[in-house]
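Structure record follows, encoded as structure tokens.
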Amino acid sequence: WEVERLVFRVPLDDGAPVPDAVTRRQSCSTAIAALAWVPHCAFAFDVSVGAATGDVLYPASLVGEWRCERVLTAVEGDQTAAEGAWRALGGGTTPFVAGRAETYETRFVAPAAAATYRFEGRDVAGVVLDRAFELGKRRGAGGRGAVSWDPRAPSILRDGDATLTVVSRTSEISEAGFGFDELVRVDAAAGGLIGGAARVSRLVRCKRRFRRAFAKDGRRVVEGLEIVKTYRV
Amino acid sequence: PTSSAKSTLRFERP
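Residue numbers (the working numbering), protein chains in the order written: chain A, 1 to 233; chain B, 1001 to 1014.
So, in structure tokens, the structure goes:
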């Protein structure tokens, strides 16, 4: 198996104070019991895991608005899962077809709490992606409701009745380039045959890597590669 | 993973 993240949260809620050592032993035996229940070709994911702290930091020079051209270049594996992830992360209702290009506005803003990175030997204040602005612009008129994002809780993005929560994150910023790797839990109405008030949680990993470049006419641009993977939950 | 999708991104100043 390719297990990239395995989380167990073990409730010990009988109310009695439990010494640490006993808690660990009980957690361990419960975890082993849970593992025995994991079906083949699947891994357990605790959907109650909270949001990751902090946010992805971008170079200060990115502050302000940009026009982003995005091209879907390749899809492998389960097409339905890939399309679901793509729609959940902002793809909207437009056709999910390799080779398709879309253009939307995006912007970078100062984070709620200043954060710095090292650049040419100095500490420089970085900026963050305005996730609500980008999602709203990308969805355009086809949006499924209000998009909201609080820069003080940057790992949570609400999109109509769906919530995207970054549950784990790594990011880097250096003179060679910058980027991130985020594991995102998508909570949304089940729809389809389940319907009603039922909710489902899906797990999507989104990695982006950027580098600075120049357009043919010499203008500065930023080029990026994105890889989105889905996982059985 | 059950699926993977690759995209290219390009940011230009409007």
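Where a beta carbon is used, it is the ideal one built from N, C-alpha and C, also for glycine.
Per DSSP, which one or two residues make a beta bridge with residue i?
| i | result |
| --- | --- |
| A213 (chain A) | A:V221 |
| R1013 (chain B) | Partner(s): none; R1013 (chain B) has no beta bridge. |
| F178 (chain A) | A:I173, A:F210 |
| G77 (chain A) | B:S1003 |
| D187 (chain A) | A:T163, A:S201 |
| S61 (chain A) | According to DSSP, S61 (chain A) bridges with nothing at all. |
| R67 (chain A) | A:E105, B:E1012 |
| R232 (chain A) | Paired residues: none, contrary to the question. |
| E226 (chain A) | A:R208, B:S1007 |
Select from the options the residue whose C-alpha is nearest the C-alpha of residue i.
| i | options | result |
| --- | --- | --- |
| V124 (chain A) | A:C68, A:R87, A:S171, A:P59 | A:P59 |
| A188 (chain A) | A:R202, A:E105, A:E182 | A:R202 |
| R185 (chain A) | A:S168, A:C68, A:I173 | A:S168 |
| R205 (chain A) | A:V97, A:T170, A:V147 | A:T170 |
| T1012 (chain B) | A:Y104, A:G92, A:E175 | Contrary to the premise, residue 1012 (chain B) reads as Glu rather than Thr in this sequence. That would be A:Y104, whose Cα lies nearest to the Cα of E1012 (chain B). |
| S155 (chain A) | A:R212, A:E182, A:A146 | A:E182 |
| L1009 (chain B) | A:T106, A:G77, A:G92 | A:T106 |
| P1014 (chain B) | A:V221, A:V128, A:E83 | A:V221 |
| E172 (chain A) | A:A190, A:A115, A:G64 | A:A115 |
| R118 (chain A) | A:L89, A:V228, A:F178, A:R212 | A:F178 |
| L62 (chain A) | A:A112, A:F108, A:A85 | A:F108 |
| A88 (chain A) | A:E120, A:V228, A:V233 | A:V228 |
| A176 (chain A) | A:T93, A:A113, A:G77, A:E120 | A:E120 |
| G90 (chain A) | A:A153, A:R152, A:K137 | A:K137 |
| V147 (chain A) | A:R122, A:G126, A:P111, A:G92 | A:G92 |
| G54 (chain A) | A:R212, A:W66, A:A153 | A:A153 |
| G126 (chain A) | A:L57, A:K207, A:A190 | A:L57 |
| V233 (chain A) | A:A162, A:F214, A:A81 | A:A81 |
| A112 (chain A) | A:D150, A:S174, A:L164, A:R67 | A:D150 |
| A162 (chain A) | A:Q79, A:R67, A:A85, A:G64 | A:A85 |
| A110 (chain A) | A:R122, A:F96, A:G64, A:V97 | A:G64 |
| Q79 (chain A) | A:D217, A:F96, A:W66 | A:F96 |
| P68 (chain A) | A:G218, A:L164, A:K216, A:F210 | It should be noted that the sequence gives Cys, not Pro, for residue 68 (chain A). Ranking A:G218, A:L164, A:K216, A:F210 by Cα distance to C68 (chain A) puts A:F210 first. |
My guess is that residue i and residue j are in contact by the Cβ rule of under 8 Å, so how many angstroms apart are they, rounded?
| i | j | result |
| --- | --- | --- |
| L157 (chain A) | R199 (chain A) | About 17 Å separates the two Cβ atoms, so there is no contact after all. |
| S1007 (chain B) | E226 (chain A) | 5 Å |
| G238 (chain A) | G145 (chain A) | In the structure as shown, chain A starts at 1 and stops at 233, and residue 238 (chain A) therefore has no counterpart that could be examined. |
| V128 (chain A) | A51 (chain A) | Not confirmed; about 15 Å, so no contact. |
| S1004 (chain B) | E76 (chain A) | 5 Å |
| T1002 (chain B) | T230 (chain A) | 5 Å |
| R212 (chain A) | G224 (chain A) | Not quite, the Cβ-Cβ distance comes to about 11 Å (not below 8 Å), so this is no contact. |
- Query: Quick one: complete alpha helix (DSSP H) runs, 4+ long, within the region 123 to 155 of chain A?
  - Reply: 131 to 139
- Query: Would you say the region 68 to 81 of chain A touches the region 94 to 102 of chain A, given that touching needs at least three Cβ pairs under 8 Å?
  - Reply: yes
- Those runs of the beta strand (DSSP E) which lie wholly inside the region 79 to 117 of chain A and span at least 3 residues: Within the region 79 to 117 of chain A, the complete beta strand (DSSP E) runs of at least 3 residues are 101 to 109.
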